[in-house]
Amino acid sequence: MQFWLADPLFGGAVQNGRHLIELVAAFGLTALVGLERTVQGKVAGLRTQTIVGTSAALIMLVSKYGFGDVLNSGTIALDPSRVAAQIVSGVGFLGAGIIITRRGTVRLHIIYENGRGVLRELLRVCGQHDWQLTGLDADAHDIDDGEVRVAMTLTGAKMGGASEVFGEVDGVVAVLPADDDPD
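Going by the UniProt record's numbering, the sequence shown opens with residue 1, and the numbers climb by one from there.
This is the structure we're talking about:
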């Protein structure tokens with residue numbers, strides 16, 4: 001009889017305890033990968049990696065152990081590697097979609113106090129972090145008490161902290177993430 005580390009937690013030899021630990025391990029490991037990507041400022045960060053990795057682990061567990069009570073010996077043969085191959089294809093498709101649609105682009109709405117000095121400082125910050133300004137839409141009308149809204153589209157490496165960096169610029173009132181739809 002095999003003894004698993006989870007057996008004392010569940011009051012005896014419970015196969016589902018092993019599956020639960022495998023699922024929690026998949027969650028933890030993929031969360032670490034996602035956290036690393038988020039810190040690096042890359043797309044497909046913590047949330048995406050955790051959801052995809054944990055879902056893939058759950059699908060593999062179901063495909064490997066989920067149909068044992070339905071099968072009669074000798075009549076049906078299962079190949080869990082077929083499910084694994086489809087998971088790899090699906091994750092590749094997801095990754096390609098992220099790369100094609102985002103290309104490291106960040107869109108921000110920045111509200112700042114009216115004055116040319118603030119916009120000049122925002123552009124200096126872009127140059128300092130090696131971010132390329134690919135789009136700039138300024139609202140010609142003041143919002144409140146001399147505040148101006150500008151939408152910036154930036155590309156470059158390590159874009160994850162752009163909101164915080166622009167928020168620290170003297171004269172910036174608010175930095176809001178823009179939706180991905182440019183219209």
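Ideal placement from N, C-alpha and C gives every residue a C-beta, glycine not left out. None of the values given here were measured: they were computed from a predicted structure.
Inclusion of S63 and V83 in the CB contact set at 9 Å is warranted, their separation being smaller than that value.
When the Cα atoms are used, D170 and L32 turn out to be separated by approximately 34 Å.
Contact between T54 and A85 fails: their C-beta atoms lie close to 19 Å from each other, not under 8 Å.
By the neighbour-count criterion, in which a residue is buried when 16 or more other Cβ atoms sit within 10 angstroms of its Cβ, T50 is buried. Spatial neighbours of E121 in its own chain (CB-CB distance under 6 Å, excluding positions within 5 residues in sequence) are listed in chain order as V169.
Around the CB of V24, fewer than 16 other CB atoms lie within 10 Å, so the residue is classed as exposed.
With 16 or more other Cβ atoms from the protein chains shown falling within 10 Å of its own Cβ, T30 counts as buried. Beta-bridge analysis with DSSP links V165 to no other residue. Membership of A157 in any alpha helix (DSSP H) is not indicated, and neither H nor E is assigned to it by DSSP. Apart from the 5 residues on each side of it in sequence, L35 sits with its Cβ closer than 6 Å to the Cβ of L46 in its chain, given in chain order. For A57, the enclosing alpha helix (DSSP H) starts and ends at L46 to Y65. Taking C-beta separations shorter than 6 Å and ignoring five residues to either side along the sequence, the partners of G135 in its chain run T153, following chain order.
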